[in-house]
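Below is one structure, written out as structure tokens; comments come after it.
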Amino acid sequence: MPISSTNAVTLPTLSPAPNRQTPPSMNGSHDSRQHFPMKRRRSDEDGGSTSPQDPLKSFSVRPKLSNASMDHTYINSEQVQREATKLKAESDVSGGGFPLAGISDSASWDVDPVEISRDDTVRLLGAFFAQSIASCNNLFPKRSFWTWATTNTRKTSEERMVLLCMLAVGGVIAKDKSAFAQTCAERASLAVASNFGKFGLPLVQARLLLAVFRYAKGHDNLASEYCSGATHSAKMAALNTEEGCAVDADSGLFGLKREQLKECRRRVFWAVLLLDRQNGVYTNTFNVVPNDMVQLRLPCSESDFESGYTSRAPFFETSLNPPFPASTPEPDATTPGSQIFNVCRISGYVDQFIVSNSYRSSTNYARDYQVFKRNIDEQLSQWYSGLPPDLHISGFSLSKAVQNEITGALTAMSSLYQVTVMRSCRFTRHKQLDRNLVAMNIQKANHSAHQLLQLAHTLCSFGQNLPEGQILQDLVSPFFATAVYFAIDTISAGGYLSDLRNVVGAIMDGFTIIQTIGHVWPFAKIQLSHVERRLNDLQTLFHHPDQALSNITLVDGYGWRCKESYNKVYDIDYDLIYGVDSKEYLHAFRG
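UniProt numbering applies: residue 1 is where the sequence shown begins, and numbers increase by one.
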């Protein structure tokens with residue numbers, strides 16, 4: 001028996017983009033948004049320069065994006081589909097190793113790359129520290145590590161393994177096709193293969209980094225294997241606990257002090273946890289790392305990390321409803337990006353509820369879901385209200401985030417927050433719920449999706465005015481593309497024809513940001529192909545509402561409804577956005 005919705009919590013609204021313009025009429029006029037300037041160097045076209053660069057600047061340069069009108073198809077449709085099909089095929093069949101070009105035996109990987117080419121090592125290491133992958137490149141105190149990497153001539157085999165993995169990631173992020181970058185990638189894979197079973201900090205770091213490398217190469221299946229391996233190694237090394245992180249088994253690694261190594265262990269576990277939560281967005285599997293397994297301090301401030309001070313960061317809160325309000329840490333005790341792990345906690349409980357109830361049906365489901373949803377909304381609201389102004393995305397906060405090198409963490413945090421809201425509303429046994437609650441979920445999911453696409457618009461506007469040497473795809477978390485992809489699937493499920501222009505404008509913002517991220521991350525190109533088809537269908541509907549479309553139906557002449565999701569994690573009985581009757585869905589928008 002459905003029960004009525006009571007004591008609903010209104011989720012906060014993220015800071016909107018300033019002065020977002022209503023999209024122009026779809027008559028071929030150019031959109032007011034200009035894409036970000038990108039300047040190419042001949043060395044990038046030739047496969048990567050080997051000249052030394054400022055190690056803390058971006059080294060990659062992408063093709064310039066063209067301006068587009070509301071009517072114009074951004075890129076050749078057949079080209080998009082062919083490229084997406086190719087990438088998907090490569091992902092499905094990708095093998096377990098790199099081509100062994102220039103590698104004659106299993107021991108030949110164990111070479112310090114600095115001895116081969118110091119300049120190339122500096123260049124790729126600098127590319128590794130791009131802000132977009134802040135979840136995995138903050139594993140070390142940057143200045144201390146940089147000094148050690150470039151001056152120490154007596155690195156251990158495990159240290160060389162991790163350094164090779166870092167250079168492999170730097171090379172793929174920078175689209176570096178030089179022989180040095182390829183050799184580092186080959187040797188990194190061999191190094192990890194030769195260290196199976198050595199459950200310590202270096203193997204966890206190396207597996208995590210190769211997971212990122214494989215995602216950037218478009219080999220998603222193999223990336224998942226490395227990610228699972230990193231998670232398993234982290235648990236075997238007990239890095240999910242303070243006691244495990246305090247063990248001195250890796251003493252002296254990377255030339256770091258004792259407290260720095262403890263923080264390294266914490267941070268690699270947090271990176272694994274974040275990747276686990278992000279993977280849960282597009283799979284129907286349980287979290288590998290449940291919240292109650294974690295007894296660990298949050299990442300400390302960068303200054304404390306660099307200085308080797310004892311961490312003052314608070315412990316991770318594991319409960320969805322803690323008995324006491326969380327204490328406010330000292331302002332400089334944690335890194336700003338640590339806020340994302342409180343969203344990870346909530347996201348973990350959302351994943352747990354969604355996945356477990358997708359396999360079984362309970363007579364008390366409606367009541368259980370209402371309690372779950374109220375708790376989730378309260379926790380998300382409390383988390384958001386406690387954010388400092390600098391962590392709300394706006395033009396001002398982004399400029400400051402670039403200076404503080406936290407744009408990757410900032411965009412990952414905002415996107416995970418919005419995706420958690422959407423998923424908690426969307427994946428339900430909606431036929432068992434009170435219809436008022438169903439209507440409220442439709443409203444909240446669509447509102448959250450529009451908010452995320454508003455943030456995409458803010459990022460596009462911000463990208464127009466970046467200084468020389470900076471490009472947006474090196475600043476934005478790759479997960480932002482997945483979140484935007486999910487948001488577009490949500491807002492394009494249906495609506496009023498009178499709102500179609502605004503919906504298409506929002507989707508175009510999302511299209512642009514996914515396309516931008518796709519210059520580095522191949523999975524975004526596959527997402528782009530789905531979005532492009534949906535965008536073309538909606539543009540056709542706007543201009544020719546009487547034309548039959550395979551995936552869109554008209555509802556009584558005033559609304560439209562997409563027949564199926566392109567994000568088919570669950571069937572329509574467990575997908576409120578696509579499973580609800582068309583008229584009921586549209587009626588929910590009336591409030």
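All C-beta atoms, glycine included, are put in the ideal place defined by N, C-alpha and C. Keep in mind it's a predicted model, so treat the numbers as computed, not measured.
Verify whether the separation of the beta carbon atoms of Gly494 and Val555 is less than 9 Å. Yes, these two residues count as a Cβ contact at 9 Å.
Alpha carbon to alpha carbon, how far is Gln432 from Ala366? C-alpha separation (whole angstroms): 6 Å.
Pull up the distance between the alpha-carbon of Ser492 and that of Gln443, whole angstroms please. Approximately 13 Å between the Cα atoms of the pair.
Give the straight-line distance between the Cα atoms of Leu586 and Asn441, rounded to the nearest whole angstrom. Their backbone Cα atoms lie some 13 Å apart in a straight line.
Boundaries of the beta strand (DSSP E) in which Val555 is found, first to last residue: From DSSP, the beta strand (DSSP E) with Val555 extends over Ile552 to Val555.
Shorter than 9 Å from the beta carbon of Ser319 to some beta carbon of chain D? The structure shown contains no chain D; it holds only a single protein chain.
Is the stretch 404-418 in contact with the stretch 452-463, if contact means three or more CB pairs nearer than 8 Å? As far as the Cβ criterion goes, the stretch 404-418 touches the stretch 452-463, which means the pair count is three or higher.
Which residues in the same chain have their Cβ closer than 7 Å to the Cβ of Asp509, if we skip the five residues on either side of it in sequence? The beta carbon of Asp509 lies closer than 7 Å to those of Leu453, Ala456, His457 and Cys460 in the same chain, with the five residues before and after it left out.
Hey, how far is the Cα of Ser228 from the Cα of Asp220? Rounded to the nearest angstrom, the two C-alpha atoms are 12 Å apart.
Exposed unless 16 or more other CB atoms sit within 10 angstroms - verdict on Arg345: So Arg345 counts as buried.
What are the boundary residues of the beta strand (DSSP E) that includes Arg561? According to the DSSP assignment, Arg561 belongs to the beta strand (DSSP E) that extends over Gly559 to Cys562.
Reduced DSSP secondary structure (H/G/I, E/B, other) of Leu298: Three-state result, Leu298: coil.
Spatial neighbours of His430 within its chain, please: C-beta separation below 7 Å, excluding the five flanking residues on both sides. Excluding positions up to five away in sequence, the list reads Val438, Leu576, Gly579 and Val580.
Anyone know if the C-beta pair for Ala127 and Gly170 falls short of 9 Å? Contact: yes.
For Tyr578, name the three-state secondary structure that DSSP assigns. Tyr578 sits in a helix when the DSSP states are folded into three classes.
Test item: CB-CB of Tyr384 and Asn291 under 9 Å: Against a cut-off of 9 Å, the Cβ pair of Asn291 and Tyr384 comes out as no contact.
With distances taken Cα to Cα, identify the nearest neighbour of Ile376 among Ala211, Tyr417, Phe396 and Ile340. For Ile376, the closest alpha carbon among the candidates Ala211, Tyr417, Phe396 and Ile340 is that of Tyr417.
Checking 9 Å against the spacing of the C-beta atoms, do Ser529 and Thr553 come in under that value? The answer is no: Cβ separation not under 9 Å.
What residues in its chain sit with their C-beta under 7 Å from that of Leu398, if we drop five residues either side in the sequence? So the list reads Thr407 and Phe462, once near-sequence residues are dropped.
DSSP three-state label for Leu190, please. Here Leu190 sits in helix by DSSP.
Mapping DSSP to helix, strand and coil, what is Thr241? Here Thr241 sits in strand by DSSP.
Could you tell me which residues DSSP puts in a beta bridge with Gly518? In DSSP, Gly518 forms no bridge with anything.
According to DSSP, is Phe315 part of a helix, a strand, or is it coil? In this structure, Phe315 counts as strand in the three-state DSSP scheme.
Looking only at C-alpha atoms, which of His392, Asn240, Ser362 and Ala230 sits nearest to Gln295? Minimum Cα distance to Gln295 is reached at Asn240.
Return the residue from the list Lys175, Ser301 and Val114 that minimises the CA-CA distance to Glu159. For Glu159, the closest of Lys175, Ser301 and Val114 by C-alpha to C-alpha distance is Val114.
Going by Cα to Cα distance, which pick from Asn152, Cys184 and Ser178 is closest to Leu167? If we check each option's Cα against that of Leu167, Cys184 comes out closest.
Where Tyr570 sits in the DSSP three-state scheme: Judged by DSSP in its simplified three-state form, Tyr570 adopts coil rather than helix or strand.
Bridge partner(s) assigned by DSSP for Tyr496: According to DSSP, which records beta bridges pairwise, Tyr496 is partnered with Gly559.
Given 8 Å, three or more beta-carbon pairs between the stretch 246-253 and the stretch 295-315: At 8 Å Cβ cutoff, the stretches do not touch.
Beta-carbon contacts of Thr310 that lie in its chain and below 7 Å, excluding the five residues immediately before and after: Cβ within range, chain order: Glu259.
Rounded to a whole number of angstroms, what is the C-alpha to C-alpha distance between Val162 and Val111? Going by the C-alpha atoms only, they are around 12 Å apart.
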